[in-house]
Amino acid sequence: MKSISLIYSSSCPNYKPTRQMLEEIGLAFIEINQDDLHEGCFGKNFSSPTVLVDNDIVIFGGETDSSEGACTTNLPDNEELRNLLSGLT
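Each residue of the sequence shown is one higher than the one before, counting from 5 in the working numbering.
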């Protein structure tokens, strides 16, 4: 089974809905809080939230040029997220 990561910032309004979707789908995942990361650390330069599979496949979200953070605004719904992840897990 592949590893799923949810990268987020505590101030992100889309973090909790994304987390809830992953929980409702029933997938195991780890959470990476960008607020706890130092400059240059993996996960610091991603928009929030970002979902990765095996730390290299971006499901949504993505890398940014800034460690100040950026928002991911177009979130999938539960069915879309399930479809995105179905062939990868």
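Beta carbons are placed, not taken as given, at the ideal position from N, Cα and C, and that holds for glycine.
For this session: Output the distance between the C-alpha atoms of L20 and E43, rounded to the nearest integer angstrom.
Result: For clarity, residue 20 is Lys in the given sequence; the question names Leu instead. Cα-Cα distance, rounded: 24 Å.
Problem set entry | Backbone CA spacing between E67 and S52 [nearest angstrom] | 10 Å
Exercise. Are the Cβ atoms of F46 and V55 separated by less than 8 Å?
Worked result: no
For this session: Give the straight-line distance between the Cα atoms of L26 and L79, rounded to the nearest whole angstrom.
Result: 12 Å
Problem set entry | Strand pairing of N37, partner residues [DSSP] | Y12
For this session: Using the DSSP secondary-structure output, state which residues sit across from C67 in a beta bridge.
Result: The amino acid occupying residue 67 in the given sequence is Glu; Cys does not appear at that position. According to DSSP, E67 bridges with F50.
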